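First comes the structure, then the notes that go with it.
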Amino acid sequence: MANPPPSHYPDIGQLGEDLVAQWLQSTGWTILHRRFSCRWGEIDIIAQHNGEAKENSPSSLHSVITTQHSIVAFVEVKTRSSGNWDAWGKDAIAPKKQAKIWRTARIFLAQHPEKSEYSCRFDVAVVHCQRLSTNSPGVIATQETLATSSVAGYKLKLQEYIPAAFDSIIDDGQ
């Protein structure tokens, strides 16, 4: 019996990105773009969070001013199965990959100048993938992981979410 063609198998990376996007939305983030690409590379997820920051007014210590503090996160998702060779994908985000993500983020911000004044950061999401024998769809939060999903015969677990995993100040010459 011949193996099914590659198109028969689900895109595990896409499933991992779906799980992270659902988790981000459930924690108050808005997904701005998925798989944004340009000549420099691709960013898996671009998300925005609108938070509120409270500051004391200079005229009175008792007065409080509330201002919007928005963050744009450029999220690299690493989906790996057991027995992986690169520390669940963390080793794959070497300085060269960081520079590609940074350059791609600059293109996104140039195309969306209304976002260029927001605080920006580069996050990494680590997703563990395991093949299942049965399908049971849905996203479920657990204590061991941030979120889980069972879809297309696989169980995915958002094992770790690393905010500001690397700096945005990277030399263009790298």
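Residue numbering for the sequence shown follows my numbering, beginning at 511 and increasing consecutively.
Cβ atoms here follow ideal geometry from the backbone N, Cα and C, with glycine treated the same way.
Keep in mind it's a predicted model, so treat the numbers as computed, not measured.
Contact under 8 angstroms by Cβ, residue i with residue j
| i | j | result |
| --- | --- | --- |
| Ile553 | Ile541 | no |
| Glu586 | Ile611 | yes |
| Leu525 | Leu642 | no |
| Thr614 | Trp539 | no |
| Leu529 | Ser659 | yes |
| Gln558 | Ser591 | no |
| Phe676 | Gln621 | no |
| Thr589 | Cys548 | no |
8 angstroms Cβ cutoff, residue i in contact with chain D
| i | result |
| --- | --- |
| Tyr664 | In the structure shown, chain D cannot be found, because there is only a single protein chain. |
Helix, strand or coil at residue i according to DSSP, with G and I counted as helix
| i | result |
| --- | --- |
| Ser580 | strand |
| Glu586 | strand |
| Glu624 | helix |
| Asp633 | strand |
| Asp677 | coil |
Residue i: first and last residue of the uninterrupted alpha helix (DSSP H) it sits in
| i | result |
| --- | --- |
| Ala531 | Ile522 to Ser536 |
Extent of the continuous beta strand (DSSP E) to which residue i belongs
| i | result |
| --- | --- |
| Thr614 | Where Thr614 is concerned, there is no enclosing beta strand (DSSP E), although the alpha helix (DSSP H) it sits in stretches over Pro605 to Gln621. |
| Thr540 | Thr540 to Cys548 |
| Thr658 | Ala657 to Val661 |
| Leu642 | Unbroken run through Leu642: none, as it is neither H nor E. |
Whole-angstrom C-beta distance between residue j and residue i, which should lie under 8 angstroms
| i | j | result |
| --- | --- | --- |
| Ala583 | Arg631 | 5 angstroms |
| Gln669 | Val637 | 7 angstroms |
| Trp533 | Leu656 | 6 angstroms |
| Ile522 | Tyr671 | Actually they do not touch by this definition, with Cβ atoms about 18 angstroms apart. |
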